[in-house]
Amino acid sequence: MASTLSQLQFGRLRGLRAKLLRRYEHRPFVSCLSGLYGCRWRRYERSCTQPGDCCCNKLEGVSFALLVVAFCLTLVFLYFWGQAKNDYNDFDWFNFGNLGFWFPWSVVLLVIAAGFFTYVTVLMLLAVCLLSEGQKLYLHWSHKIGILVSLIFSIVATAVLSDLWSKEWTTLLLSFQVTAPYLHVGGVLLMTALAWPIALHFFRMSSRARRGLIMGGYLTILSGLYLVPLGLYSPCIKEEGTLGPPPALIGHRGAPMLAPENTLMSFEKAVEAGSEGLETDVTISFDGVPFLMHDQTLQRTTNVHEVFPNRTGIPAALFTWSELQSLNAGAWFLSHNPFGTVGSLGADGRQQAGTQSVCSLRAFLQLAAHNDKLVIFDLYRPPRGHPYRDTWIQRTLEVIQNESSIQSSQVLWLPSDLRALVQEMDPELQQTSGSRLPLEELQRNHIVKLNLHYSSMSPELISEYAAVNISTNLYVISQPWLYSLAWCSGVQSVTTNAPHLLGAMSSPLFLMSPDEYKLMWILTDLLSFVLIVIIFVFHRWRERGLTFKISQDNGTYSKFRTEMSDIWSVSSANCQAERTLSRPGNAEPQTANM
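In the working numbering, the protein residues as written are 394 to 987.
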């Protein structure tokens, strides 16, 4: 009996040891992961991977591959559309022109993209956590449908925007010049975190081909990330003391985030924000009064549909000045709230915005002259049948020279038509070109400034023009990161919708010295390498060492269970014999013999 008790105690100790050596499973955590990922909340519904097993079957492997692809595509699209925020207003008005009604489509698209990315990212995290816990993957069918929808959305949205708005890919490439150092750090940290599940399944796989494929792909991506900074260029990585002055700000149609565009209120707000110049668009009325209007028609920025309901689609230049003065040019700003900034206006500001009227070129020039600001404008030629179709330039020059107090040197003359005639009539005008032309042609036309889209930004090009005293203005830059890039690239001025925001910047974002970046790069890569080595060494020790010990213990358990089974059989036989002898029919013969 004593021997039996000692064996029982020995078996319990062995069982405790084996339990300690077995891989600890976070049961509540794993249940939650499996439930969210595959709707398998009960323990018997899930299974662990065994040494030599794959983490999933072929169908689940395809599902996981699609999940990874969906994650990458939604991430790319979200980053692409997030960086395109500088041009959201153009996108919304483009849709307004096609659809005929106002709606913030850009923000809606951003929210949808963020929603799909968040959904796919959560599934990715669940899958990685399940793999880290050694669980087999099983994705619920509803999530498989969700992944396909995310994929289709990302592909279709990217294709449509690439077709209609292909220049935004240039914006994406420009953004890499300021965000690449930080994207590199994020990528290295992500690959370091993935080392845990990859190492776990690498040492559990028996197939050398699979192990080589996994490790080869992982090391290739990791090595590429480690070496990316060797080919990285950013104008914002500069030696101390080499940063030039901030680009001067030119208010694009005034300050359209704070007031209705192309109104006196908008230009006053731009002056208050510290703009050194004002930009606008000039059209000539049917009776010869130059006025400010960007669109061909009056439909977007006036209440022409109320005052002249039968003339909403005709060109603005076919209205007389008295008719234009009867229109309201500010109420649309309050109702549409194009930049989402109306809430920042007080009661007086809203009242002032709601009563703005169409502004004449003369009033605009007088405001600029009074505040000593530069002006630049696009000049639209009137349509056929207009009285001033052939004399629109001369009429505009008359206003500048005879009807306003502005100095000709304050005017950046942008129209390219009849440039030689304009230069002859008023040589004090600052001739400005809207095209990248050869230096010889620019100098021959007395060009002193280039007015280019920000996608043309190039430090080399800007330096080349500056060397021959031609400054560069980029339009339209309203995001701080894009303004920072222009600042670091040496741009002399930018046209902006947000002078109040950019004027408050004291230094470029993401600015760092080469030594600071090298230190960040080396420390990131070194720390990542050390952590990955530690993770792989740990998993190698755990998968090989503990598996050997558990197999030894399992042999002891089998021996112990056999011995306990024999003891249990003997005890059962004795109990059966005692029950047999204790029956009434077997007691009488024993009494008789006695």
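Using N, Cα and C, we set each Cβ at its ideal position, and we do this for glycine too.
Assuming residue i contacts residue j (C-beta within less than 8 Å), just tell me the rounded distance between them.
i, j, result
"Leu720", "Val751", "6 Å"
"Phe660", "Leu767", "Actually they are not in contact, since the Cβ atoms of Phe660 and Leu767 sit about 12 Å apart, beyond 8 Å."
"Ile793", "Leu758", "7 Å"
"Asp680", "Trp725", "Between Trp725 and Asp680 the Cβ distance is about 25 Å, and since that is not below 8 Å, they are no contact."
"Leu727", "Asp771", "With 8 Å as the limit, Leu727 and Asp771 do not qualify as a contact, their Cβ atoms being about 26 Å apart."
"Trp495", "His698", "Actually they do not touch by this definition, with Cβ atoms about 13 Å apart."
So the candidates are the options; which of them puts its Cα closest to the Cα of residue i?
i, options, result
"Ser828", "Thr865, Ala813, Ala859, Ile793", "Thr865"
"Val500", "Tyr512, Phe510, Thr511, Phe484", "Phe484"
"Asn844", "Met598, Glu853, Val513, Tyr858", "Tyr858"
"Leu924", "Ala586, Gly428, Glu672, Cys522", "Ala586"
"Pro683", "Thr789, Leu583, Leu807, Trp725", "Thr789"
"Gln745", "Leu657, Leu835, Asp810, Phe487", "Leu657"
"Leu822", "Pro831, Gln800, Leu811", "Gln800"
"Ile769", "Leu754, His763, Asn491, Pro775", "Leu754"
"Ala897", "Gln872, Met905, Glu909", "Gln872"
"Lys529", "Asp556, Glu453, Asn730, Glu909", "Glu453"
"Ile915", "Val621, Val549, Glu526", "Val621"
"Val578", "Leu920, Ile863, Leu606", "Leu920"
"Leu651", "Glu672, Pro892, Gln476, Ser899", "Pro892"
"Glu346", "Trp495, Leu557, Gly527", "Given that the chain is displayed from residue 394 to residue 987, the structure contains no residue 346 and the question cannot be resolved."
"Phe464", "Phe422, Leu814, Met517", "Met517"
"Val515", "Ser568, Asn491, Ile540", "Ile540"
"Gln692", "Gly609, Pro574, His779, Asn491", "Asn491"
"Ala710", "Gln476, His779, Gly739", "His779"
"Ile548", "Gly428, Asn488, Thr467, Phe712", "Thr467"
Just the Cα atoms here: how many angstroms apart are residue i and residue j?
i, j, result
"Tyr773", "Val469", "39 Å"
"Ser543", "Phe596", "33 Å"
"Phe929", "Leu593", "8 Å"
"Tyr781", "Gln718", "20 Å"
"Pro708", "Thr690", "5 Å"
"Ala663", "Ala648", "5 Å"
"Trp474", "Ala520", "27 Å"
"Ile614", "Val887", "39 Å"
"Gln816", "Gly508", "55 Å"
"Ile607", "Arg601", "10 Å"
"Asp783", "Tyr626", "49 Å"
"Phe510", "Leu471", "7 Å"
"His536", "Glu665", "53 Å"
"Ser880", "Ser525", "The displayed chain sequence assigns Trp, not Ser, to residue 880. When rounded, the distance between both Cα atoms is 45 Å."
"Arg812", "Val884", "25 Å"
"Ile870", "Pro590", "44 Å"
"Thr551", "Glu561", "11 Å"
"Thr825", "Gln836", "11 Å"
"Leu875", "Arg933", "47 Å"
"His645", "His687", "11 Å"
"Ala762", "Ser555", "43 Å"
"Tyr512", "Val462", "14 Å"
"Gly736", "Gly723", "15 Å"
"Lys911", "Thr917", "10 Å"
"Phe931", "Phe922", "14 Å"
"Gln570", "Leu623", "14 Å"
Which residue comes first and which comes last in the beta strand (DSSP E) that contains residue i?
i, result
"Leu811", "No beta strand (DSSP E) holds Leu811; DSSP gives it neither H nor E."
"Ser525", "Per DSSP, Ser525 belongs to no beta strand (DSSP E); it is in the alpha helix (DSSP H), 498-525."
"Lys842", "842-846"
"Gln823", "823-826"
"Ser886", "886-889"
"Glu672", "670-677"
"Asp771", "767-772"
"Tyr626", "No beta strand (DSSP E) holds Tyr626; DSSP gives it neither H nor E."
"Leu720", "Element bounds for Leu720: n/a, residue is neither H nor E."
"Ile643", "641-645"
"Trp806", "804-806"
Starting from residue i and walking both ways along the alpha helix (DSSP H), at which residues does that stretch end?
i, result
"Asp483", "481-492"
"Thr690", "No alpha helix (DSSP H) holds Thr690; DSSP gives it neither H nor E."
"Glu699", "697-700"
"Ala552", "534-557"
"Ile855", "852-859"
"Trp785", "785-795"
"Trp434", "Note, Trp434: premise wrong, no alpha helix (DSSP H); not H, not E."
"Val461", "451-476"
"Val923", "907-934"
"Phe569", "561-597"
"Leu867", "Premise fails: Leu867 lies in the beta strand (DSSP E), 864-868, not in any alpha helix (DSSP H)."
Using 8 Å as the cut-off, can you tell me whether the segment 448-461 makes contact with the segment 845-855, which would need three or more C-beta pairs spanning the two stretches below that distance? Flag = no, the segment 448-461 and the segment 845-855 do not touch.
At least three beta-carbon pairs within less than 8 Å, the segment 419-435 to the segment 476-492:
The segment 476-492 and the segment 419-435 do not touch, with fewer than three beta-carbon pairs separated by less than 8 Å.
inquiry  = Taking 8 Å as the cut-off, does the segment 626-636 touch the segment 899-917 (at least 3 CB pairs, one atom from each stretch)?
reply    = Touching, yes.
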